[in-house]
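Chemist: Top to bottom, those sequences are chains A and B. The opening position of the first sequence corresponds to residue 1 in this note's numbering, with each subsequent residue numbered one higher. The opening position of the second sequence corresponds to residue 270 in this note's numbering, with each subsequent residue numbered one higher. Glycine residues also receive a C-beta, built at the ideal position from the N, C-alpha and C atoms. Keep in mind the model is a prediction, meaning the values are calculated, not measured.
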Amino acid sequence: MSILEIKNIRKSFGKNEVLKGIDLSLEKGNVLVIIGSSGSGKTTLLRCLNFLEIPDGGSIAVNGETLIDTNDSSTLTDKQIRKNRLHFGLVFQQFNLFPQYTVKDNITLAPKLALKSEAAEIKKANGSSAARDYKAKRLHEIDKKADELLQQVGLSDKAESYPCELSGGQQQRVAIARALAMEPDILCFDEPTSALDPELVGEVLKVLKSLAESGKTMVVVTHEMRFAREVADRVVFMSEGVLTEDGTPDEVFDHPKNERTKQFLQSIF
Amino acid sequence: MSQFVEQLPVVLSALNEGFVQTLKLFIVTLLGALPLGLIISFGSMSKFKPLSSFVKTFVWIVRGSPLMIQLLIIFYMPGIVFHNPVFGGGEEGRFAAACVAFVINYSCYFSEIFRGGIKSIPYGQQEAGEVLGLTKSQIFFRIKLLQVIKHVVPPMSNEIITLVKDTSLARIIAMQEIIWAGEAFLKGSHGIAGQVWPLFFTAVYYLAFNGILTIAFGKLEKKLNYYRG
Numbered sequence: 001m002s003i004l005e006i007k008n009i010r011k012s013f014g015k016n017e018v019l020k021g022i023d024l025s026l027e028k029g030n031v032l033v034i035i036g037s038s039g040s041g042k043t044t045l046l047r048c049l050n051f052l053e054i055p056d057g058g059s060i061a062v063n064g065e066t067l068i069d070t071n072d073s074s075t076l077t078d079k080q081i082r083k084n085r086l087h088f089g090l091v092f093q094q095f096n097l098f099p100q101y102t103v104k105d106n107i108t109l110a111p112k113l114a115l116k117s118e119a120a121e122i123k124k125a126n127g128s129s130a131a132r133d134y135k136a137k138r139l140h141e142i143d144k145k146a147d148e149l150l151q152q153v154g155l156s157d158k159a160e161s162y163p164c165e166l167s168g169g170q171q172q173r174v175a176i177a178r179a180l181a182m183e184p185d186i187l188c189f190d191e192p193t194s195a196l197d198p199e200l201v202g203e204v205l206k207v208l209k210s211l212a213e214s215g216k217t218m219v220v221v222t223h224e225m226r227f228a229r230e231v232a233d234r235v236v237f238m239s240e241g242v243l244t245e246d247g248t249p250d251e252v253f254d255h256p257k258n259e260r261t262k263q264f265l266q267s268i269f
Numbered sequence: 270m271s272q273f274v275e276q277l278p279v280v281l282s283a284l285n286e287g288f289v290q291t292l293k294l295f296i297v298t299l300l301g302a303l304p305l306g307l308i309i310s311f312g313s314m315s316k317f318k319p320l321s322s323f324v325k326t327f328v329w330i331v332r333g334s335p336l337m338i339q340l341l342i343i344f345y346m347p348g349i350v351f352h353n354p355v356f357g358g359g360e361e362g363r364f365a366a367a368c369v370a371f372v373i374n375y376s377c378y379f380s381e382i383f384r385g386g387i388k389s390i391p392y393g394q395q396e397a398g399e400v401l402g403l404t405k406s407q408i409f410f411r412i413k414l415l416q417v418i419k420h421v422v423p424p425m426s427n428e429i430i431t432l433v434k435d436t437s438l439a440r441i442i443a444m445q446e447i448i449w450a451g452e453a454f455l456k457g458s459h460g461i462a463g464q465v466w467p468l469f470f471t472a473v474y475y476l477a478f479n480g481i482l483t484i485a486f487g488k489l490e491k492k493l494n495y496y497r498g
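#1: Within the present structure, is the beta-carbon of Tyr495 (chain B) separated from the nearest heavy atom of the ligand PLP by less than 7 Å?
#2: Please state whether DSSP places Val372 (chain B) in a helix, a strand or coil.
#3: When the distance is taken between beta carbons, is Leu109 (chain A) closer than 8 Å to Tyr299 (chain A)?
#4: With which residues is Asp69 (chain A) paired in a DSSP beta bridge?
#5: Measuring CB to CB, does Leu336 (chain B) end up less than 8 Å from Ala365 (chain B)?
#6: The beta strand (DSSP E) spanning Asp23 (chain A) covers which residue range?
#7: Do Pro249 (chain A) and Val235 (chain A) have their CB atoms nearer than 8 Å?
#8: Between Leu243 (chain A) and Ile107 (chain A), is the Cβ-Cβ spacing less than 8 Å?
#9: Contact criterion: CB-CB distance below 8 Å. Does Gln151 (chain A) meet it with respect to chain B?
#10: Does Thr326 (chain B) have its Cβ less than 8 Å from a Cβ in chain A?
#11: Flag this pair as touching only if the region 355 to 364 of chain B and the region 392 to 400 of chain B have three or more C-beta atom pairs under 8 Å; answer yes or no.
#12: Using only alpha-carbon positions, find the residue among A:Lys83, A:Asn126, A:Phe92, A:Glu27 that is nearest to Thr44 (chain A).
#13: Ordered along the chain, which non-local residues of its own chain (more than five positions away) have a Cβ less than 6 Å from that of Leu468 (chain B)?
#14: Taking the straight line between their C-alpha atoms, what separation do you get for Asn16 (chain A) and Asp56 (chain A)?
#15: What does the Cβ neighbour count give for Thr77 (chain A), buried or exposed, with the cut at 16 atoms within 10 Å?
#16: Relative to the C-alpha of Gln170 (chain A), which candidate in A:Lys104, A:His140, A:Glu251, A:Ala125 has its C-alpha closest?
#17: Asn96 (chain A) versus chain B: which residues are under 8 Å apart at the beta carbon?
#18: Return helix, strand or coil for Asn427 (chain B), following the three-state DSSP convention.
#19: Measure from the C-beta of Arg85 (chain A) to each C-beta in chain B and report whether the shortest distance is under 8 Å.
#20: Taking Cβ to Cβ, would you say His63 (chain A) is nearer than 8 Å to Ile3 (chain A)?
#21: State the beta-bridge partners of Phe13 (chain A) as determined by DSSP.
#22: So Gly89 (chain A) contacts chain B; which residues on that side make the cut at Cβ distance below 9 Å?
#23: If we count the other Cβ atoms within 10 Å of its Cβ and call it buried at 16 or more, is Trp449 (chain B) buried or exposed?
#24: When the cut-off is 8 Å and only beta carbons count, does Ile412 (chain B) lie next to chain A?
#25: Report all residues from its chain with a CB closer than 8 Å to the CB of Arg440 (chain B); omit the five preceding and five following residues, and keep chain order.
#26: With a cut-off of 8 Å on the beta carbons, I'd call Lys413 (chain B) and Ile390 (chain B) a contact; round off their distance for me.
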């Protein structure tokens, strides 16, 4: 069974139809790279997956669980949307770290807030001492996990630094650790290296590559074609709201079938 | 000179008494107008058009008309128009009326400062919180609020210093604040009459108090400078 199943996703902003029926499925542990010119709808697709935009039509399922299906007329509640979001993580082009928190607090904030509501539920069901024990245990785990993630992205020595004290590449690595802390099924990247100085791109791509090797399921929107060729299990080309090419990196880069894909690849190589 | 030395303790104790009223009005206004201003700013940013239009009109009226007129209306209108003088004629009633007028007036000014502060937070902060599964209130209180506070401290300190001096407007409904206390020595009070220097002397109180506030806000600004962004 695929980990991600997207069917006929459509999204318009006013009269502008950005996504014109996207079908996509992804196997667990695979890295999918989405390429295409700007304005083709790549970012909107990622935002739909993360429920920052609600699609006008279509369905999204993760691990066989339907998160949204517009044929089913009921609208999603805020609570459902929040729950759906936890299946996905998103790393932004502009990092969007929380400036007032240290690197480590950036990573632990969301898990700790989630723990608060979990503990409240346990308190209701099993009493306050059970909730206290659970909280203490989880807090320790969250802390340990944050240390591991920092090590994974190579920033153990920056745990107590503030985002403003870090380079762009370091900030983006913290953002990746922050997204991983919520243990999403699928981690999405929206042009994670586009806001970086050229000499800082490598350190971020290295982290992405190690994540791919560790078997993380990822969807990456990027213009780094060399990275796509090396790391992607699958590359799709998007043009004007539809997927026009879908295959292994070799197929897409060396033997593109679609005219638009050929033009695009010619213009960048 | 000997007369001045004789009068000084009398005048100072009267001015101190007036300044306590000034200070009380200042503190009540801050405690009321800061949270109310935040709520009004939410109202003016609401996506529900009727609410935001209503709030914006209200803010326009309050900011667009003199605080002195508002004081007079709030204090006198219940008695004169509705024959129900809720505030009564004593000092307590006058103080209460002044508090109501100041809280309303200043919460409207503060709301605009808060609105600017909230709008200045990049939308990416909201979205970063959303994709991590945070609730709307968690995003506001745990992510945005401190950033908003950092952004609003400079304009807020400006407004609060203005508030210190604006409390003197309560004189118009004969609340016994420090200007009232100083002015009393012109007409005659505590056996002293025809003296103008006590009135001038009140300015020293304002100056000293605003000096303390300026230093305090400077420290707060410095403290919030532990991060950039």
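Modeler: Reading it off the structure:
#1: Because no ligand of any kind appears in the structure shown, any question about the ligand PLP cannot be addressed here.
#2: helix
#3: Because residue 299 (chain A) is not part of the residues shown, which for chain A are 1 to 269, the question remains open.
#4: A:Ser59
#5: no
#6: 16 to 26
#7: yes
#8: no
#9: no
#10: no
#11: no
#12: A:Phe92
#13: Gly451, Glu452
#14: 12 Å
#15: exposed
#16: A:Lys104
#17: Pro391, Gly393, Gln394, Glu396, Ala397
#18: helix
#19: yes
#20: Checking the sequence shown, residue 63 (chain A) turns out to be Asn, not His. Contact: yes.
#21: A:Asn16
#22: Val400, Leu401
#23: buried
#24: yes
#25: Glu446, Ile448, Trp449, Glu452
#26: 5 Å
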